[in-house]
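Protein chains in written order, with the numbering used here: chain R, 27 to 190; chain L, 27 to 190; chain W, 27 to 190; chain E, 27 to 190; chain H, 27 to 190; chain A, 27 to 190; chain Z, 27 to 190; chain C, 27 to 190. See below for the structure under consideration.
Protein chains: 8
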Amino acid sequence: MKVLITMGSDSDLPVMGQAAEVLKELSVPCDMRVVSAHRTPELLFEVGRTAHEQGYRVIVAGAGGAAHLPGMLASLSPLPVIGVPVKSRNSIDGWDSLLSIVQMPAGVPVATVAVDGARNAGILAAQMLATSDDALRERIISFKEALRDAVAEKAKRLAEATEH
Amino acid sequence: MKVLITMGSDSDLPVMGQAAEVLKELSVPCDMRVVSAHRTPELLFEVGRTAHEQGYRVIVAGAGGAAHLPGMLASLSPLPVIGVPVKSRNSIDGWDSLLSIVQMPAGVPVATVAVDGARNAGILAAQMLATSDDALRERIISFKEALRDAVAEKAKRLAEATEH
Amino acid sequence: MKVLITMGSDSDLPVMGQAAEVLKELSVPCDMRVVSAHRTPELLFEVGRTAHEQGYRVIVAGAGGAAHLPGMLASLSPLPVIGVPVKSRNSIDGWDSLLSIVQMPAGVPVATVAVDGARNAGILAAQMLATSDDALRERIISFKEALRDAVAEKAKRLAEATEH
Amino acid sequence: MKVLITMGSDSDLPVMGQAAEVLKELSVPCDMRVVSAHRTPELLFEVGRTAHEQGYRVIVAGAGGAAHLPGMLASLSPLPVIGVPVKSRNSIDGWDSLLSIVQMPAGVPVATVAVDGARNAGILAAQMLATSDDALRERIISFKEALRDAVAEKAKRLAEATEH
Amino acid sequence: MKVLITMGSDSDLPVMGQAAEVLKELSVPCDMRVVSAHRTPELLFEVGRTAHEQGYRVIVAGAGGAAHLPGMLASLSPLPVIGVPVKSRNSIDGWDSLLSIVQMPAGVPVATVAVDGARNAGILAAQMLATSDDALRERIISFKEALRDAVAEKAKRLAEATEH
Amino acid sequence: MKVLITMGSDSDLPVMGQAAEVLKELSVPCDMRVVSAHRTPELLFEVGRTAHEQGYRVIVAGAGGAAHLPGMLASLSPLPVIGVPVKSRNSIDGWDSLLSIVQMPAGVPVATVAVDGARNAGILAAQMLATSDDALRERIISFKEALRDAVAEKAKRLAEATEH
Amino acid sequence: MKVLITMGSDSDLPVMGQAAEVLKELSVPCDMRVVSAHRTPELLFEVGRTAHEQGYRVIVAGAGGAAHLPGMLASLSPLPVIGVPVKSRNSIDGWDSLLSIVQMPAGVPVATVAVDGARNAGILAAQMLATSDDALRERIISFKEALRDAVAEKAKRLAEATEH
Amino acid sequence: MKVLITMGSDSDLPVMGQAAEVLKELSVPCDMRVVSAHRTPELLFEVGRTAHEQGYRVIVAGAGGAAHLPGMLASLSPLPVIGVPVKSRNSIDGWDSLLSIVQMPAGVPVATVAVDGARNAGILAAQMLATSDDALRERIISFKEALRDAVAEKAKRLAEATEH
């Protein structure tokens, strides 16, 4: 029941590492790998075709510009693939990354999150695994409650600061 | 282990019905409901907060324009939510629907598919459930093989037609 | 006859505080609250449903990215809601914030101002209240005259500087 | 307590007439006028400067392309101005109309609704007047309940149709 | 035979001053004025209606965001109006300024140049006056030759630097 | 004192013919020519370099897609060049035509009008010639008055139709 | 010295067939194949890795939406790959197809032509082969002359029609 | 068998120099020249018409804003032209450069690479020449293998760093 986090380049690590972080917070095991659709196509094929045989249940894939990694993994693997559009140095403000990932043809979905939204990709991967893991779903519920409480705390502080 | 398909308006049915169709092809049970984030907020709340207690494991939500249904369900429910941007009559070519759904803030992901990509939303829902259901994963593998064979068949016919 | 200013996150305060400032200049009372559509949905509901019972007559709501706060408040409250698209760190240059707020479906309007246009949101809130408050309308007329005079002063200085 | 509905051209009438319709449903009196910022600038000035002296309390203004009517009326009048971007024949899919109306500079707000969203402009005008008119606010609350009931009815019919 | 350079705010001066500079290089007299369509509408009207009676033959107008100054001057004056979209602090990357200026309705043209293209606005103004001034046309021809020679010089230096 | 109207393809004639029409209404002589920047570069050069020697005082140029005709004529000729972005069959909604024409580098302006705005290009050409032709300026003033009267007439009819 | 034309789906044939047509006009042999990056990834790999061993010297690849075929072929093959963004039914006006193809990362170019520009892809393929084939370059020169003559002919007819 | 690298301005050199670098790595001779479509049209014509007679077999052309250099060279020369959209200071985030280069009309292709993608332009030029040069194709194959190995090395280091 592991998650595989892949990225097109190690320059995507500052963004994609956030997926690993949140999975750790939720106690979901994951591995990280650099796989470039365009520079290591053989590796792409091998990873795409064998991930589900190696204990992975969800793939997270981040890439920038003409981002083909998530879509090609979705083509090769029966696992659900979560795509993270990365606003890399060469991207046109993230538009190319987003459209290259989300606009997949019928038959081959990629579950796309926001530009640079790797943290959400990790949460989504956990939610997918939680479809059959009640304890994990409870941890997700607690996680959402903690989000709510953090905002409530900030809200309270703002209210106090602006009150007279 | 059911999927809940929701849509903001019954005018979204021609698009969103494709999610139900593909789930039927994959033998995954689902229900369909009209829930408008903007016109029936109470219903939205009730559905969002209780879906996971009623046997649903994945939510699919389609909406157009300033599309808030998928994001609000993701806010309320611990279940994974798949968002379908619908290119409705009032949408600016689908850009508003897409951005309103995919650009969710950290902590609350929506698994976004292509504009009008409801069929892919259904497949993705099945893939999520298949993370713990080997038989379903096998059906998904067969489904992908059928896709491949259909293209191969067309490819062959084109090759024959253009060959001399 | 108070205005309620809400924002999705306290990181929106530098922008949204400008609405409070201009309301103060116009002697219109207001309160500020952090309410996150995605992280504190229960609070959203409570605020949306009760604001008009607590003496508020206009709601100003700012949010970034897939910005659902203004639209959901407009769904829940009978009060006029003014939406401020915030160009937050995660926004695609403000396009997502703008479209998520302005493209509301028929029946549920949000009065949208420019990206980061919180000052204008405050002025607009005052104009709404002035529909039944002649003294406030007089203050708005004076406010506009001051704007005009400030530009006229700059125009004069430029004319003098470039004249020969 | 009347609403003034203006439009840049009589070709905008099919869209802008929807503002008048919904105001009639809500029993709010209104007048309609063609005023072109670019072709009848004198009329624009006269209307902008005198509307508040003629019993109007809100201005609704619709225009397409480089749409200057709402912003110029907001410049001239102390009244709140609601802008409707019209997707006219010469518009680039409504983008020019939307940006020309919503991106007003600090000091001169226009309350912008969705592209072709004249019906929402009418509702918003009524909400503005309701800030001091409890009976009108009650009618708006009923109006929203009717919206909710219409969706609930459709939701029910869909549920029955897809149930087994 | 003077050119009138107008701008919506003195913050546009660093850009708009470039129009004055190039007109000086071409020995075409010009005046500069701050005129805000939204904050000084009376001044706008006066300038628009009287410019042609005060010896001006071309108007250059720069503005940012929802930029109405060029279009309103074109509405009021029989003179040709050159519009400069300014990428101001509040502009969405210049898109709003550009579309608000260029997409004018039939009957009221604005001669639009590139975003922040004030230097070109000055050249264009000179070209318009040169339609009846052979000496000025000769200066424009020399000006273009100087441009060509400057590039040719750079080209030569690059050729020498990269040659072996 | 003639105007030269050029277009990249005879398929642009329905749009570009409107420039000729309005020039005829204003009694300004003009000629029309098909000149393709990409298919007839020699003709482009000849026309660009000699137009001002053949009695032309303004060039109007329309083209679609990657529209290089206006910019190249502006490069070659000392005359003012008015560019009309044409929304041709291969254009991406006119965006490519517009940006290819308006975003000219410093030194080489093109006076750009709205997408498909050939009628405005004709008016603008007349305004340029009127910088030294008082009788033509009077005709332009009358032309604008006729526009105003036509709108006033429509406004009156709408007022009568909606009055009670 | 053959060209391989590939497309993601047989629905792309009306567009992509134009590449074959123009190659035929230029007497350059070509084959056409349907290869889907997402539905037949094995075929993609085989074609990409072996095309240069089967006598092909240039690959033309057309695809729509999140178009990965051209980029993946460029990843796998040492041959130059020409990408044709196809404005398919599911594309957002061609933007997704264009950006998915053109924005390739450093090291793996795709020679991108206009949206639906398959005819140009064919010409470009011929130009690439002509780098070492003088006879073919001569045919390309004649081809361009024919283009020029066709435009000249139309230009002449327009001149005659509008002359007096 | 040389490549000619051209650019609209010497300010494009930091980007365009990357094309020369990669050609050097691949042992393909090239020359660099500044040629401005808009400022040195005569030079443009001369270069475009004679490049193929001077031993050049491919042209690379980079330009920003309304970028006409690649398209005009493609119009004038029978050689394949590779266009590099440069995100210059005056460009609207590269959109204008990209669309001005890629959206060429039927008959006159430009092989467009990514915004600022000059390195890829160099690789593509080499690939074109390799259509008839087996030794160069071998060098390209080695080049791609080196790319793959570099990514594999990074992938390995990341795997080691994140392994436990």
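Just so it is clear, CB atoms sit at the ideal spot from N, CA and C, and this is done for glycine as well. Since this is a predicted model, take the numbers as computed values, not measurements.
Going along chain E, which residues have a C-beta under 7 Å from residue 141(A)? 118
What are the partner residues of residue 58(W), as DSSP defines its beta bridges? 31(W)
If the criterion is Cβ atoms closer than 8 Å, does the pair residue 191(R) and residue 65(W) meet it? Outside the shown range of chain R, which is 27 to 190, sits residue 191(R), and nothing can be said about it.
What in chain Z is Cβ-close to residue 130(R), meaning under 8 Å? 64, 91 and 92
Contacts that residue 48(A) makes with chain C (C-beta to C-beta distance below 8 Å): In chain order: nothing, as chain C lies at least about 26 Å away.
From this set, 61(Z), 52(Z) and 142(Z), which residue's C-alpha is nearest residue 33(Z)'s C-alpha? 61(Z)
Exposure label - residue 185(W); buried when at least 16 CB within 10 Å: exposed
Which residues in chain R have a C-beta closer than 8 Å to the C-beta of residue 178(C)? List them in chain order. 66 and 69
For residue 38(R) and chain C, any beta-carbon pair shorter than 8 Å? no
Leaving out five residues on either side along the sequence, give the residues of the same chain with a beta carbon under 8 Å from the beta carbon of residue 46(C). 31, 56, 58 and 148
Contacts that residue 138(E) makes with chain L (C-beta to C-beta distance below 7 Å): Those within 7 Å of residue 138(E) in chain L number zero; the least Cβ separation is about 13 Å.
Under 8 Å between C-beta atoms, does residue 84(R) make it to chain L? yes
What is the C-beta distance between residue 144(R) and residue 101(Z), in whole angstroms, given that I count them as a contact (C-beta under 8 Å)? That belief does not hold up - the Cβ atoms of residue 144(R) and residue 101(Z) are roughly 24 Å apart, past 8 Å.
Candidates 153(C), 136(C) and 188(C): closest to residue 88(C) by CA position: 136(C)
Interface residues of chain W around residue 61(L) at Cβ under 7 Å? Under the 7 Å cutoff, chain W gives no residues; its nearest Cβ is about 12 Å from residue 61(L).
Assess, as a yes-or-no matter, whether the region 69-79 of chain C is touched by the region 37-51 of chain A under the definition of 3 or more beta carbon pairs within less than 8 Å. no
Contact between the region 119-129 of chain L and the region 90-100 of chain L (3+ Cβ pairs under 8 Å): yes
Would you mind stating whether residue 127(H) and residue 129(E) have Cβ atoms separated by less than 8 Å? no
C-alpha gap between residue 138(A) and residue 150(A), whole angstroms: 10 Å
Rounded to whole angstroms, what's the CA-CA distance from residue 163(E) to residue 105(W)? Just pull it up for me. 8 Å
Sufficient close CB pairs (3 or more, under 8 Å) joining the region 153-161 of chain A to the region 150-161 of chain H: yes
What do you get for residue 152(H), buried or exposed, if any count of 16 or more other CB atoms within 10 angstroms of its CB means buried? buried
Hey, does residue 152(Z) have any beta-carbon neighbour from chain A nearer than 8 Å? no
So residue 165(E) is in the alpha helix (DSSP H); what residue range does that whole segment cover? 160-188
What are the boundary residues of the alpha helix (DSSP H) that includes residue 75(A)? 67-76
Tell me which residues share the same chain as residue 73(E) and place their Cβ nearer than 6 Å to its Cβ, disregarding the 5 neighbours each side in the sequence. 61
I need the boundaries of the alpha helix (DSSP H) containing residue 96(R), first residue and last residue. 95-102
Sort 29(E), 27(E), 28(E) and 39(E) by Cα distance to residue 187(A) and report the nearest one. 39(E)
Test: residue 81(L) CB closer than 8 Å to a CB of chain R: no
DSSP on residue 141(Z), reduced to helix/strand/coil? coil
Using a beta-carbon distance below 8 Å, is residue 184(E) in contact with chain L? yes
Distance between residue 48(A) and residue 69(E) (C-alpha atoms, nearest Å): 25 Å
What residue range is occupied by the uninterrupted alpha helix (DSSP H) comprising residue 128(C)? 121-128
Could you give the DSSP three-state label for residue 25(C): helix, strand or coil? With chain C covering only 27 through 190, there is no way to say anything about residue 25(C).
Do you know offhand how far residue 97(H)'s Cα is from residue 36(Z)'s? 49 Å
Please go through the same chain and pick out, in chain order, the residues whose beta-carbon is closer than 7 Å to the beta-carbon of residue 154(R), but skip the five residues on each side of it. 84 and 106
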